[in-house]
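Student: Sharing a structure, written as structure tokens. Questions coming.
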Amino acid sequence: MERTAAKKTLVNVLGVVYVHSRTSDGGDLYLTRYAEPLRRHFEIENWYEKDWFDTHKVRLLGTSSVYKIPTKTISGMSLNLVVKNCRVGEDVPIDTHTLQEFCDAEFNSPWEEFSLVMELMDNLYGPKELKVATQLPMAIYVPPEKMQAWQSGRSRTRINRIRAKHPGIDLDILKQYKLIYAWIEGMNLKEVFAHIDINDDEMVRHLRTLDAQAHEDLQKKGYLVADMKPEHIIISEPDIAEVIRIGSNGNKDAYHEQVAFLYRLIREGRYSIIDYELLLRTQEHEEAVKSSRRCSYLDDQKRRFEPAPLPSHLTAMEIFGVPYLYGHAESTGGRLWVVGRNPHLFDYFLPERWRKTPSIRLSDSKEVFYTITKDNIHLVWETSRVGEMPAGDEEGARDPLVRTYGINSPFEEFAIAHDLNHLGIPTVYVRAIYMTGTAKVETSGDPRKYASHQGLLDPEGNAVLQEDHNYITIRGYYNGPDQWVAEHSDALYTPLDLVKALDRRLIDEEQCRWHLDMVKARLHTSGYDGSSLKLNDLLVAQDNDGGFLKDANGELLVIICNLELIWKLT
């Protein structure tokens with residue numbers, strides 16, 4: 107029976123291009139440029155078929171599940187692979203000294219790990235003459251099954267913390283990711299010392315010194331490994347043979363020559379580093395990357411609506427008059443709509459860039475958070491309340507209009523913002539809409555929006571608004587007009603709502619009420635019902651000297667930051 111070729115697409119995650127295909131068991135396989143020419147070797151039946159894997163796997167030493175496995179012979183060739191389970195979301199079991207030095211250490215996601223390894227291999231940072239060798243990152247395999255929390259080995263406390271901090275996107279940590287690297291023929295530094303006749307104390311002293319030298323090389327290249335150890339340093343087979351040859355020459359002091367030879371190998375960079383789950387950039391390198399990424403981001407935002415050639419993993423579409431680039435968030439199985447036509451912006455809004463960065467809650471009643479992303483971009487993200495029917499004291503006054511119109515969907519919010527800004531009524535800058543990859547538990551109290559959006563489909567034919575998924579809106583943290591911010595790296599404005607401005611006696615109550623009434627009147631004149639807006643739904647922007655951002659007429663600029671309760675008048 108002739109086999110049907112799996113459909114392949116190119117996807118770009120954190121700057122790494124993968125060839126993505128579905129596997130014969132219903133999972134997902136992502137091949138890097140190193141694996142794609144050998145793609146048949148990575149088909150599930152050629153390395154992960156149960157009998158083959160169980161018979162041929164060799165468990166490697168370490169605290170995680172890591173195996174060496176040969177592939178079946180394809181076209182006369184078999185590959186030796188290293189397969190390990192990604193431990194993202196688990197507690198980091200490192201010693202006290204390391205824990206004190208890297209107290210915030212977190213296991214990389216598979217996409218972050220491969221991105222950092224590729225970046226290190228590309229030799230773009232640090233002295234060009236120094237190159238740190240690594241394993242070749244070949245593929246990421248995502249099995250179709252989901253684990254239960256108790257099966258994952260991941261901390262329940264950590265899971266609960268992620269759930270509380272990032273509602274609706276936590277369950278992706280129950281996916282299992284298998285990272286596949288090429289095997290390096292050789293031995294780790296500790297194994298090499300087994301061929302040297304030396305006492306334990308001397309061996310430990312030399313191992314620490316050699317480990318420190320390799321770590322120093324890594325730092326020169328702008329990287330750290332939070333749990334760096336001699337077992338992560340690999341010496342090649344030819345050099346191991348030389349160590350053994352020196353030891354067999356009959357000289358009783360041969361171990362001095364053997365150790366001296368190892369020191370020379372490390373000084374000359376004749377070794378490889380393995381194990382990257384705790385690989386991170388040095389602070390200096392991270393700041394340089396963030397600064398570069400932020401500058402590129404601001405420049406790209408200025409040109410976000412200019413058409414540009416699209417990579418195959420992104421599709422241009424329009425919803426309610428707003429142009430988007432649509433694609434998958436591969437790390438979570440979610441979907442992402444980024445406003446505009448500039449494909450360079452897509453990666454900045456992938457959940458792994460903002461969902462685990464420290465955040466500040468901006469509202470007592472809603473899931474609204476301010477964060478600085480891994481790319482040094484100031485964003486506000488909010489869990490959409492579409493489908494909810496709010497009740498209680500805080501929302502009680504709004505219930506009649508909510509019952510009439512319903513809370514806006516994220517796509518309606520963005521369309522309103524898009525229209526109002528064109529009409530000269532300032533709103534916060536809307537950036538992206540993220541649909542979580544996991545089904546939400548709670549049922550909707552108001553299904554009207556899902557019904558009204560049924561005809562709106564993504565490029566794959568699915569409804570853009572699905573009742574069984576949560577949505578998160580991502581907007582800019584308003585610190586000045588886009589064009590102005592792109593030209594200023596410091597002295598940016600700080601936003602605060604009218605309630606805070608009133609509490610700090612920066613604006614009196616009469617002024618606040620006047621501005622609120624003016625915004626409502628302008629909305630009504632423009633065909634919108636904004637009667638549900640309150641003082642904390644409007645922002646002003648203050649500079650470092652206490653002055654406020656003004657509009658073209660010299661009046662206080664007031665920006666709408668709540669778009670879920672503004673409705674188009676019919």
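Just so you know, we're using our numbering here: the sequence shown kicks off at 107 and counts up by one. Just so you know, even glycine gets a beta-carbon here, dropped at the ideal spot from N, CA and C.
Excluding the 5 residues flanking Tyr583 on each side, which residues of the same chain have their C-beta closer than 8 Å to its C-beta?
Tutor: Tyr476, His484, Leu485, Val486, Pro601
Student: Expressed to the nearest angstrom, what Euclidean distance is found between the alpha-carbon atoms of Lys674 and Tyr634?
Tutor: Answer to the nearest angstrom: the Cα atoms are 5 Å apart.
Student: For the candidate residues Leu639, His434, Leu612, Ile613, whose alpha-carbon lies nearest to that of Met624?
Tutor: Leu639
Student: Tell me where the alpha helix (DSSP H) around Pro457 begins and ends.
Tutor: 457-460
Student: Rounded to a whole number of angstroms, what is the C-alpha to C-alpha distance between Val189 and Asn668?
Tutor: Each residue's Cα considered, the two are about 47 Å apart.
Student: Can you check the stretch 614-676 for any beta strand (DSSP E) of at least 3 residues that lies completely inside it and give the ranges in chain order?
Tutor: 644-648
Student: Going by DSSP, what residue range makes up the beta strand (DSSP E) through Ile425?
Tutor: 421-425
Student: Out of His162, Leu571, Ile180, Glu212, which one is the CA nearest neighbour of Lys462?
Tutor: Glu212
Student: Between the Cα of Glu225 and the Cα atoms of Asp197, Phe426, Val395, which residue gives the shortest distance?
Tutor: Comparing C-alpha distances from Glu225 to each of Asp197, Phe426, Val395 shows the shortest one belongs to Val395.
Student: Using the Cα positions of Arg409 and Tyr403, report the straight-line distance between them to the nearest angstrom.
Tutor: 10 Å
Student: Taking C-alpha atoms, which residue in Val365, Lys234, Pro344, Leu330 lies nearest to Lys296?
Tutor: Val365
Student: Is it the case that the Cβ atoms of Leu431 and Pro413 are separated by a distance below 8 Å?
Tutor: no
Student: What residue range is occupied by the uninterrupted alpha helix (DSSP H) comprising Lys296?
Tutor: 295-298
Student: I'd like the span of the alpha helix (DSSP H) that includes Arg311, first residue to last.
Tutor: 306-326
Student: Could you round the C-beta distance between Val445 and Phe520 to whole angstroms and report it? I think they count as a contact, below 8 Å.
Tutor: Indeed they touch by this definition, with Cβ atoms about 7 Å apart.
Student: Taking the DSSP output, what are the residues bridged to Thr579?
Tutor: Glu488, Ile539
Student: Three or more beta-carbon pairs under 8 Å between the stretch 368-387 and the stretch 419-437, yes or no?
Tutor: no
Student: Name the DSSP beta bridge partners of Ile339, please?
Tutor: Ile379
Student: Can you give the Cα-Cα distance for Arg193 and Arg537, rounded to whole angstroms?
Tutor: 31 Å
Student: Measuring straight from C-alpha to C-alpha, what distance separates Ile339 and Ala320?
Tutor: Their Cα atoms are separated by approximately 8 Å.
Student: Since Met244 and Thr129 should fall inside the 8 Å C-beta cutoff, what is the C-beta to C-beta distance between them, to a whole number of angstroms?
Tutor: With 8 Å as the limit, Met244 and Thr129 do not qualify as a contact, their Cβ atoms being about 15 Å apart.
Student: Would you report the Cα separation of Ser397 and Asn482, rounded to the nearest angstrom?
Tutor: 7 Å
Student: Which residue's Cα is closest to the Cα of Gly132: Ala318, Pro250, Ser184?
Tutor: Pro250
Student: Between Ser221 and Gly356, what straight-line distance do the alpha-carbon atoms span, to the nearest angstrom?
Tutor: The alpha-carbon atoms of Ser221 and Gly356 are separated by roughly 48 Å.
Student: If you compare alpha carbons, which of Leu285, Phe299, Met183, Phe148 is closest to Ser127?
Tutor: Phe148
Student: Taking DSSP's pairing of strands, which residues face Thr387 in a bridge?
Tutor: The question names Thr, but residue 387 is Arg in the sequence shown. DSSP output for Arg387 lists Tyr329 as bridge partner(s).
Student: Whose CA, out of Asp603, Arg467, Arg399, lies closest to the CA of Lys480?
Tutor: Arg399
Student: DSSP three-state label for Val547, please.
Tutor: coil
Student: Have a look at Ile672, Leu526, Thr438 and flag the residue whose alpha-carbon is nearest the alpha-carbon of Ser515.
Tutor: Ile672
Student: The alpha helix (DSSP H) spanning Leu608 covers which residue range?
Tutor: Unbroken alpha helix (DSSP H) run through Leu608: 604-609.
Student: In the structure shown, what three-state DSSP assignment does Gly353 receive?
Tutor: helix
Student: With burial defined as no fewer than 16 other Cβ atoms inside 10 Å of the residue's Cβ, what is the status of Arg611: buried or exposed?
Tutor: exposed
Student: Thinking just about the alpha-carbon of each residue, which of Glu308, His434, Tyr535 is nearest to the one in Gln407?
Tutor: When each option's Cα is compared against that of Gln407, the closest is Tyr535.
Student: Using the rule of at least 16 other Cβ atoms within 10 Å of the residue's Cβ for burial, across every protein chain shown, is Val164 buried or exposed?
Tutor: exposed
Student: Kindly give me the distance between the Cβ atoms of Pro216 and Tyr283, rounded to whole angstroms, as I take these residues to be in contact under 8 Å.
Tutor: 4 Å
Student: If you draw a straight line from the alpha carbon of Tyr329 to that of Pro464, how long is it in whole angstroms?
Tutor: If I take the Cα positions, the gap works out to 22 Å.
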